[in-house]
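A.B. asks:
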Amino acid sequence: MFEIVGADSDDPLGLWTARQDQPIHFGMDDETLASPTNTLVYRIQLPEDMAAADSAFREREESMRQSARALESIPERLESLVLHTQLQQKTSGSQPVHFGTDMLPDPEAELLSLLLVVDTGTESVPLPEGQVDFGIMDEVVLPGIEQARAQLKALLEQLNRELLHFAWIETVLADQIMARTSVRWTGHLNTIWTDGISPSHVSLHARSLRLATHSRALKVRLATTVMSGAAKISALMVNPAGALLALPLVYRYASQILAQAAELRTPQ
Amino acid sequence: MSQELFVNGVNADGTIGYDIPIDSQIIARVARGEKLTRDELNTLRLKKQNALAHFGVAEGVDPEKLDSAGWGVIFPAGLSERSCDAIKEALKPLLEHRKAQAGECYQEYIGPERGVGKNESKADFLKRYGRGPGPARPMEDDGTPGVPYYLLIVGSPEAIPFSFQYQLDVQYAVGRIFFERLEDYYRYARSVVEAETKGLARARRAAFFGVANADDRATEMSSKLLIPTLAKAVNAKFSPSGWGVDVIPPEQTGKATLSQYMGGERTPSLLFTAGHGINFKLGDERQLRHQGSLVTQEWPGPRAGVPLTEDMYFSADDIPSDADVFGMLAFMFACYGGGTPRSDNFWQLAFAKQRDIAPYAFVAQLPMRLLSHPRGGALGVFAHVERAWGSSIVWDNSVQELESFNSMIQALLNGKPAGFATEYFNERYAEISAMLTEELQNTSPENQDDVKIAGMWTSNNDARNYAFLGDPAVRLVTGERETPDTDRQAFGEVVTQYPEAIRAASTQFQPDLITYEVVGAGPAVVLADEVTSGESFGFLTRSSTTDGDSSEAGKAVALSGTFREFVEKLGSYMSKALDDATSLEVATYISDDLGTVVYESGKFAGSARLRALTRVKVDGDSLVCVPQDEDGQVDMALWQIHMDMVRQAQETRNELMKTLVSAASNLAGFMK
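Protein chains in written order, with the numbering used here: chain A, 1 to 268; chain B, 269 to 940.
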């Protein structure tokens, strides 16, 4: 129902489903567009029943708000994690690479443990008893890091495609296209409406626009939050390239926070 | 002795009140520290002494007649001449109507010389017009103009602060309107005039809607004490004169029921709601749209620990375009129901530290939506600004303090002007202020009872922070026979027939709040410069020397190529966006067959027809193409769609600015 057409990878916020079809509309040839295939189309396919359409929007809008809130909480959580760990290291007199993970939430505990792996290059780290058990390191942890790296790369590539370009947003009701809008990052809008469109359908497309533009901005925020998070957490690392090494780990961490927020969401 | 106090208003995460427990000791400390200015104290004392005799106006002035009490309109002095002219034009029907009623006692405080200055106090403003503390006198005996009793503030609370409104309201009957669209000013002005001059009558019916959420002391108190008491009094006194009273049982106070009473088929002439108003954290994207929305029965209460969703509160978005609110008055007893200041007044006083709770002071959207409704607006909304404390209802933890509510409602039902009816709350404010001051002055801190002082302080704040949104001279428009719905709808259609001057000016119109935001975009330029200067990306450059390495560091570098491209594009994008931020272009096309439309060089072609175009530049140089129908008339339906898109574009632009600032600060952190 909520699709990004032309995307190579899933939406990291879980708001849109990726479809790899080529965008086929209008033979797009905007002056700012290097290639037609560079443009993503946010397509919202709604049922004819207005109540069901409204309900679908509400559910997705609430998801977006949850994601935004979860994203906002990450800098503070990472700040606390760094302070907590530094304090623990100071009081225990342990080596900087030893991170205590007891009493931490799972995402934080896993982040610290993975940080140790990439920081020291050690692939098998004996975890203290009672802490998060990742099973066999080679089978679980390293592929996890690899996956996070691939996902972050996909996000950055998607943003690279979108930045400086525009996006199409189209609302389809019962298989009939009601409206299409090209929206630039700076807010300029070109919209084409089906002649004689009703006010209620107009409001549906307005919601499509809001959902697409906000989720696009959220993706940028996700990327920049991961960057600043990696910078923060690198304070716990000894490797001089710590921030860069930490990027996929912080992305994995942020994904877990977003997933937790989605799980906690109140059923509509 | 200390006692924890509770406040009205629920936070969006499902908690209540502040993030620290507020007890009577803290509030008593605040009360001891708060100093009223000499002018404010004198005014309040005079108000208390003269309450019964004068009731806000000088001897010989009839507060129910505008040609005696006077009527005036106040604009911010800093508003641009173009905005002043545009708003004045939009309010023309109301201004001319009031001028005809008030005659020589009509005043306009508009323009750089006569308007209210940015930091001007109420005392300084009155002084400029020869008035000091004391009752309102619109005209001296020798014919010298004074200041009218009824005063309508037209401006945002950033331009004319809520504090100015509170203080002016002690002596005068004050209301406020502030809309972001020029058409909304026209709709409201026309609605008031239509209601007062075309014999509109809503049914004589008052409705009392008191939510009672589970495990919640505040709404338990309002639903069990406030609502039944008020409804019973109204029923006893007014049912003989044909008034019907609806009391909605607490268990039925859901969102759907409220829809019926706020624009639906059960809309009364006077609606009284009591419950929590929702409070969003600073930075929450919902804050400006939904802060102060009415929390309904769907919220499962504080113990459930569930974040609030839109299903649990009633916001401006829940008033549909076909709602029937024309001519109604509403009283919303809820935190932030009327508006939100930029910083928390209580926090500032308690901890001597500014705590911003909003990006800027703003008026709540629900009342504004009601007032500017396209089918005809409500006439006014009485609501609470900032946080409401439970002591509005119970005084000194034992006595029900409902007389102000009761008297105000009865005054409204008796046909008194709204601003005059709200004097009962001003009386209460004056009285409690005087009591609090005396208590603090006449006893030493060690002998003071913290609980008592705290009760007085919170009651004082509660009474002060009620504000009337709308023209303070409006009254309930009721009659024995309600105007048929079709006729009311016809009135409503009138309010959207905008004169040519309004239509021409509307797309260029920038409310003072938007101007403020444009100014606020200044720091983004600085941040963008930081990013540009950071484009050497030293850290990434160093790492790139390890290309081809299969170690963790090598893999990190493989990622860094994409990452660097992202950072470079973001920097480039920011630069382009800031260049582009000086204009905004919105185009609206229609087509019979979208399948035959093509997109070439940034424009739709083929069967697409361009019907409306708006190009707004910050310097005010704007281009507007208005759609016409076959008869050469403006196609209002399409114009409305286009204007919605312009608003959407402005929202997207605001989102862009926020993203830019966030991205720049995050990038700066990474580059360190």
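By construction, the Cβ of each residue, glycine as well, lies at the ideal position given by its N, Cα and C atoms.
1. Assign B/K386 to one of three DSSP states: helix, strand, or coil.
2. Can you check whether the CB of B/Y529 is closer than 8 Å to the CB of B/F650?
3. Beta carbon of B/I909, beta carbon of B/E451: below 8 Å?
4. Is it buried or exposed for A/S113, if we count other Cβ within 10 angstroms and need 16 for buried?
5. Report yes if the C-beta distance between A/L209 and B/Q765 is below 8 Å; otherwise report no.
6. Looking at B/T608: is its Cβ nearer than 8 Å to the Cβ of B/G543?
7. Quick one: using the 10 Å Cβ neighbour count with 16 as the cut-off for buried, is B/D484 buried or exposed?
8. Are the beta-carbon atoms belonging to B/A427 and B/L494 less than 8 Å from one another?
9. Hey, how far is the Cα of B/D579 from the Cα of B/M703?
10. With respect to the alpha helix (DSSP H) encompassing B/N503, which residues constitute its N-terminal and C-terminal limits?
11. Counting C-beta neighbours from all protein chains within 10 Å, is the total for A/H259 16 or more, i.e. buried, or is it exposed?
12. Residues of the region 52-63 of chain A in Cβ contact with chain B at a cutoff of 9 Å, in chain order, please.
13. Quick one: any contact between the region 333-343 of chain B and the region 403-421 of chain B, if contact means 3 or more CB pairs under 8 Å?
14. Does DSSP put B/P413 in a helix, a strand or coil?
15. Bridge partners of B/D514, per DSSP?
16. From the beta carbon of B/S583, is the nearest beta carbon of chain A less than 8 Å away?
17. For B/E566, would you say it is in contact with chain A, using Cβ-to-Cβ distances shorter than 8 Å as the test?
18. Which two residues bound the contiguous alpha helix (DSSP H) that contains B/V762?
19. So, with DSSP's three-state summary, where would you put B/L647?
20. Please report how far the alpha carbon of B/L680 lies from the alpha carbon of B/P517, in whole angstroms.
21. Give me the chain B residues within the contact set of A/I4, using Cβ-Cβ distance strictly less than 9 Å, ordered along the chain.
22. At a Cβ threshold of 8 Å, is B/Q559 touching chain A?
23. Rounded to the nearest angstrom, what separates B/E519 and B/F476 at their Cα positions?
24. Looking at B/S509: is its Cβ nearer than 8 Å to the Cβ of B/D586?
25. To the nearest whole angstrom, what separates the beta carbons of B/T525 and B/V479, a pair I think is in contact under 8 Å?
26. Suppose the cutoff is 7 Å on Cβ atoms and the five residues either side in sequence are ignored; what does the same chain contact list for B/M676 look like?
27. Quick one: does B/D860 have its CB under 8 Å from some CB of chain A?
28. Just the chain B side, please: which residues come within less than 9 Å of A/E48 by C-beta, in chain order?
29. Let me check understanding here. Comparing Cα to Cα, which of B/G532, B/M489, B/A474 lies closest to B/A504?
30. Can you tell me whether B/R921 is helix, strand or coil according to DSSP?
31. Within 10 angstroms of the Cβ of B/E803, are there 16 or more other Cβ atoms? Answer buried if so, exposed if not.
32. Since B/R921 meets chain A, which of its residues come closer than 8 Å, beta carbon to beta carbon?
33. Roughly how far, in whole angstroms, is the beta-carbon of B/L647 from the beta-carbon of B/L597, given that I think they are within contact range, below 8 Å?
34. Determine the contact status of B/F630 and B/S424, defining contact as a CB-CB distance below 8 Å.
35. What does A/D195 touch in chain B if you count any residue whose Cβ is under 8 Å from its own?
36. By DSSP's criteria, A/V202 is part of a beta bridge. Which residues make up the other side?
C.D. replies: According to the structure shown:
1. On the second sequence, position 118 is the one that residue 386 of chain B refers to. B/K386 falls in the coil class under three-state DSSP.
2. In the second sequence, counting from the first residue as 1, residue 650 of chain B sits at position 382. In the second sequence, counting from the first residue as 1, residue 529 of chain B sits at position 261. Going by C-beta atoms, B/F650 is not nearer than 8 Å to B/Y529.
3. To locate residue 909 of chain B, count along the second sequence from 1; it is residue 641. To locate residue 451 of chain B, count along the second sequence from 1; it is residue 183. No.
4. For the purposes of this step, residue 113 of chain A is taken as the residue at position 113 of the first sequence. So A/S113 ends up on the buried side.
5. Along the first sequence, read from residue 1 onward, the residue named residue 209 of chain A stands at position 209. Along the second sequence, read from residue 1 onward, the residue named residue 765 of chain B stands at position 497. Contact: no.
6. Residue 608 of chain B sits at position 340 when you count from the first residue of the second sequence. Residue 543 of chain B sits at position 275 when you count from the first residue of the second sequence. In this structure, B/G543 does not lie closer than 8 Å to B/T608 by Cβ.
7. Mapped onto the second sequence, residue 484 of chain B falls at position 216. Under this definition B/D484 is a buried residue.
8. In the second sequence, counting from the first residue as 1, residue 427 of chain B sits at position 159. In the second sequence, counting from the first residue as 1, residue 494 of chain B sits at position 226. Taking 8 Å as the Cβ cut-off, B/A427 and B/L494 do not qualify as a contacting pair.
9. In the second sequence, counting from the first residue as 1, residue 579 of chain B sits at position 311. In the second sequence, counting from the first residue as 1, residue 703 of chain B sits at position 435. Rounded to whole angstroms, B/D579 to B/M703 spans 43 Å at the Cα level.
10. As a position in the second sequence, residue 503 of chain B is number 235, starting the count at 1. Where B/N503 is concerned, the enclosing alpha helix (DSSP H) stretches over 495-506.
11. Within the first sequence, residue 259 of chain A is the residue found at index 259, counting from 1. Per the sequence shown, the amino acid found at residue 259 of chain A is Ala instead of His. Counting Cβ neighbours within 10 Å, A/A259 comes out exposed, since fewer than 16 surround it.
12. R58, E61, E62
13. yes
14. Mapped onto the second sequence, residue 413 of chain B falls at position 145. The answer is strand: DSSP assigns B/P413 an E or B state.
15. The count along the second sequence starts at 1 and reaches residue 514 of chain B at position 246. Looking at the DSSP assignment, B/D514 forms a beta bridge with B/A475.
16. As a position in the second sequence, residue 583 of chain B is number 315, starting the count at 1. Cβ-Cβ to chain A under 8 Å: no for B/S583.
17. By one-based count along the second sequence, residue 566 of chain B stands at place 298. No, no contact with chain A.
18. Walking along the second sequence from the start, residue 762 of chain B turns up at place 494. Counting along the chain, the alpha helix (DSSP H) containing B/V762 begins and ends at 753-762.
19. For the purposes of this step, residue 647 of chain B is taken as residue 379 along the second sequence, with counting starting at 1. Three-state result, B/L647: coil.
20. Residue numbering aside, residue 680 of chain B sits at position 412 when the second sequence is read from its first letter. Residue numbering aside, residue 517 of chain B sits at position 249 when the second sequence is read from its first letter. Whole-angstrom Cα-Cα distance: 24 Å.
21. The residue you call residue 4 of chain A lines up with position 4 of the first sequence. Result: empty, since nearest Cβ-Cβ is about 18 Å, beyond 9 Å.
22. Here residue 559 of chain B is taken as the residue at index 291 of the second sequence, counted from 1. So, not an interface residue.
23. Locating residue 519 of chain B in the second sequence gives position 251, counting from the first residue. Locating residue 476 of chain B in the second sequence gives position 208, counting from the first residue. Rounded to whole angstroms, B/E519 to B/F476 spans 13 Å at the Cα level.
24. What you label residue 509 of chain B is simply residue 241 of the second sequence in a count that begins at 1. What you label residue 586 of chain B is simply residue 318 of the second sequence in a count that begins at 1. No; because the gap between Cβ atoms is not below 8 Å, this pair is not in contact.
25. For the purposes of this step, residue 525 of chain B is taken as the residue at position 257 of the second sequence. For the purposes of this step, residue 479 of chain B is taken as the residue at position 211 of the second sequence. Actually they do not touch by this definition, with Cβ atoms about 10 Å apart.
26. As a first step, residue 676 of chain B is located in the second sequence; it is residue number 408 there, counting from the start. Contacts found: A689, T690, Y692, F693.
27. Against the second sequence, residue 860 of chain B aligns to sequence position 592. It does; some Cβ of chain A falls within 8 Å.
28. To locate residue 48 of chain A, count along the first sequence from 1; it is residue 48. Per Cβ cutoff of 9 Å: no residues; A/E48 is ~18 Å from chain B at best.
29. If you number the second sequence from 1, residue 504 of chain B lands on position 236. Nearest of B/G532, B/M489, B/A474 to B/A504, Cα basis: B/A474.
30. Here residue 921 of chain B is taken as the residue at index 653 of the second sequence, counted from 1. In the structure shown, B/R921 sits in a helix (DSSP, three-state: H, G or I).
31. Numbered from 1 along the second sequence, position 535 holds the residue referred to as residue 803 of chain B. Model confidence at B/E803 stands at a pLDDT of 23, short of 50, so the residue's coordinates are unreliable and nothing is read from them.
32. Numbered from 1 along the second sequence, position 653 holds the residue referred to as residue 921 of chain B. Within chain A, the residues near B/R921 are T186, G187.
33. Along the second sequence, read from residue 1 onward, the residue named residue 647 of chain B stands at position 379. Along the second sequence, read from residue 1 onward, the residue named residue 597 of chain B stands at position 329. Between B/L597 and B/L647 the Cβ distance is about 6 Å, and since that is below 8 Å, they are a contact.
34. On the second sequence, position 362 is the one that residue 630 of chain B refers to. On the second sequence, position 156 is the one that residue 424 of chain B refers to. Closer than 8 Å, so yes.
35. By one-based count along the first sequence, residue 195 of chain A stands at place 195. Neighbours of A/D195 on chain B, chain order: I858, S859, D860.
36. As a working mapping, residue 202 of chain A is identified with position 202 in the first sequence. DSSP lists no partner for A/V202.
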